[in-house]
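Notes for the one structure printed next.
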Amino acid sequence: MSQSQPTLPKHWQNILPLLNEAATNDALLLRLKYITQEDYEALLVEYSITDEDVLACRSDFALYFSVMEITDWYP
Amino acid sequence: MPEDFLGAGASFSTRILPTLTPPDANAAELHRLVDAGYFGFLEGLPANLQTLGRSQSAFIGRPVTGAFGGPSSLNPDFAAATFLLWSACLDLPGAHLEAIARSGGLLGAAAVLLDHIADGQQQDPANAARLQEDLVDEARRLLRSVFLKTSPFWQELDRIWAELHSALDAEAQVPEASGTMSREEFRRIGGAKAAPLVAVVAAVAQLTGREELLLRGEASLKLAGATFQLAHDVFHWTRDVADGHTTYFIALALADGPARPGQSVKATVAESVRQGHLDVQCLRLALEWLDRATDEVASLDIPEWSDYLRTIRALVERLLLRQVASYVLFGPPGASE
């Protein structure tokens with residue numbers, strides 16, 4: 001998966017390892033589906049992600065991901 | 001979850017198609033010639049076809065008032081297919097290269113018209129059919145300046161174009177949003193839509209005597225075509241459901257059973273996507289196909305082509321990351337509060 005870019009905000013850099021892992025690891029994705037709040041918090045600790053990182057990523061999620069779309073061959 | 005988590009395409013503001021970059025000033029000029037050649041050709045057609053050929057709505061499948069910007073404004077790669085294998089084209093006579101590039105642009109425009117006829121989105125299908133025929137005829141006329149009547153190229157072109165027609169027919173016959181579509185059929189349909197690019201590759205392969213260029217290039221382009229289609233369908237399924245259009249993505253979502261009584265197709269697909277992470281699974285599949293597309297052309301020693309596929313891969317990776325981020329950031333209980 002793509003690694004962090006130089007201009008990527010720190011909170012996204014912090015969460016990218018977890019995202020990259022989940023992108024390729026079905027077990028982790030499945031774990032996230034049924035995860036409890038308590039386990040979720042433990043997972044964040046496991047990946048050295050703070051609550052502030054999560055809140056910041058949520059708040060600028062649209063900003064970071066809103067300008068991308070892949071087109072069909074034919075418009 | 002953010003509201004746009006599923007069917008997120010509607011909220012996206014920028015269309016990104018990895019566009020082939022003209023490798024040098026001559027190539028940029030060639031790109032301009034493709035559009036100029038298209039509009040120049042239109043001038044010799046009846047007024048109603050000229051009007052249609054200048055109308056953007058004929059090429060995007062819905063009523064809009066804008067003017068069509070030429071083949072390069074559609075899918076820029078159709079007007080720039082020669083850039084994909086530029087280093088293989090360098091020894092070709094300029095006149096041949098121009099004829100191939102221009103015919104590629106015309107075939108691209110024709111293919112888009114055909115696509116919208118097949119999916120019922122053309123407002124004037126009869127004239128669109130005539131226009132696409134004229135565009136294909138003009139492409140063939142240009143190519144006759146390059147290839148003798150007896151050249152094997154013509155058989156390849158006929159085959160490539162017949163595959164496109166067959167794929168569009170098959171796509172049009174898939175029943176509305178409760179239909180099924182196998183992976184093989186999806187690959188065939190998505191791949192056949194690369195026909196304008198494959199035609200250009202076939203021409204260059206024939207002229208340079210490099211049979212492997214067509215063999216491997218076609219396989220690569222078809223995989224890339226299916227990738228484009230799949231990645232696109234992941235983000236546009238709500239629109240597809242609304243249009244009654246069954247894509248492979250929707251067929252997968254409905255594979256475990258159609259909508260329950262009282263449940264809409266949209267709700268059924270949304271539930272299936274969420275439960276099975278179908279968006280993530282499909283984007284992973286798209287990456288697999290792209291890797292195979294890259295492997296196909298690895299031995300051709302055409303760096304532009306590999307670079308192009310790497311660019312597409314980076315985009316699909318980012319799309320995958322976006323979907324995963326949705327699950328990670330907004331999925332857990334209480335996380336969206």
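Listed in order, the protein sequences are those of chains A and B. With our numbering as the guide, the letters of the first sequence map in order to residues 1 to 75. With our numbering as the guide, the letters of the second sequence map in order to residues 1 to 337. Built from N, CA and C at the ideal position, the CB exists for glycine as well. Just so we're clear, the structure is a prediction, and the values are computed from it rather than from any experiment.
Counting along the chain, the unbroken alpha helix (DSSP H) around B:V200 starts and ends at 195-208. Spanning the alpha carbons of B:V328 and A:L19 requires a straight line of approximately 7 angstroms.
For B:S87, the uninterrupted alpha helix (DSSP H) segment begins and ends at 86-89.
Note on geometry: alpha-carbon atoms of B:V324 and B:D307 lie some 26 angstroms from one another.
B:A67 sits in a strand when the DSSP states are folded into three classes. In this structure, the straight-line span from the alpha carbon of B:E138 to that of B:V297 is close to 30 angstroms.
Residue burial is scored here from C-beta neighbours: B:D233 has at least 16 other C-beta atoms within 10 angstroms and is therefore classed as buried. Contact note: B:G331 reaches chain A through L32, K33, I35, using a C-beta cutoff of 8 angstroms and chain order. In the DSSP assignment, B:S55 is bridged to B:A67.
For the region 293-325 of chain B, the set of residues with a beta-carbon nearer than 9 angstroms to any beta-carbon of chain A comprises I312, A314, L315, V316, E317, R318, L319, L320, L321, R322, Q323, V324, A325, in chain order. For B:R284, a Cβ of chain A is located within less than 9 angstroms of the residue's own Cβ.
Pairing B:S264 with B:G179, the inter-Cα distance amounts to about 15 angstroms. Cβ neighbours of B:H96 within its own chain (closer than 6 angstroms, five residues either side excluded): V146.
Separation of B:W289 and B:L223 (C-alpha to C-alpha, rounded to the nearest whole angstrom) is 6 angstroms. Linking B:E317 to B:V280 through their CA atoms gives a straight-line distance of about 10 angstroms. With contacts defined as CB atoms closer than 9 angstroms, B:H245 and B:D119 qualify as a contacting pair. Beta-carbon to beta-carbon, B:L157 and B:A202 are separated by about 6 angstroms, close enough to satisfy the 8 angstroms threshold. A straight-line Cα-Cα distance of about 21 angstroms links B:R144 and B:A88.
Judged by beta-carbon spacing, A:D53 lies within the 9 angstroms limit of A:N14, meaning their Cβ atoms are closer than that value. For B:P93, the secondary structure class from DSSP, reduced to helix, strand or coil, is coil.
Between the beta-carbon of B:L320 and that of A:A23 there is about 5 angstroms, and that keeps the pair under the 8 angstroms contact cut. DSSP places B:H277 in no alpha helix (DSSP H); its state is neither H nor E. Interface criterion met: the Cβ of A:A22 is under 9 angstroms from a Cβ in chain B. Scanning the region 132-189 of chain B from its first residue to its last, the whole alpha helix (DSSP H) runs of 4-plus residues come out as 153-173.
In terms of CA proximity to A:L29, B:H277 leads the group B:P303, B:I312, B:H277. Within chain A, L29 have C-beta atoms less than 7 angstroms from the C-beta of B:H277, given in sequence order. Of all residues in the region 105-126 of chain B, only A111, V112, D115, H116 place a beta-carbon less than 8 angstroms from a beta-carbon of chain A. The residue among B:G104, B:L113, B:Q173 with its C-alpha nearest the C-alpha of B:L49 is B:L113. At a cut-off of 9 angstroms, the C-beta of B:V269 has no neighbouring C-beta in chain A.
For B:Q229, the enclosing alpha helix (DSSP H) covers residues 211-235.
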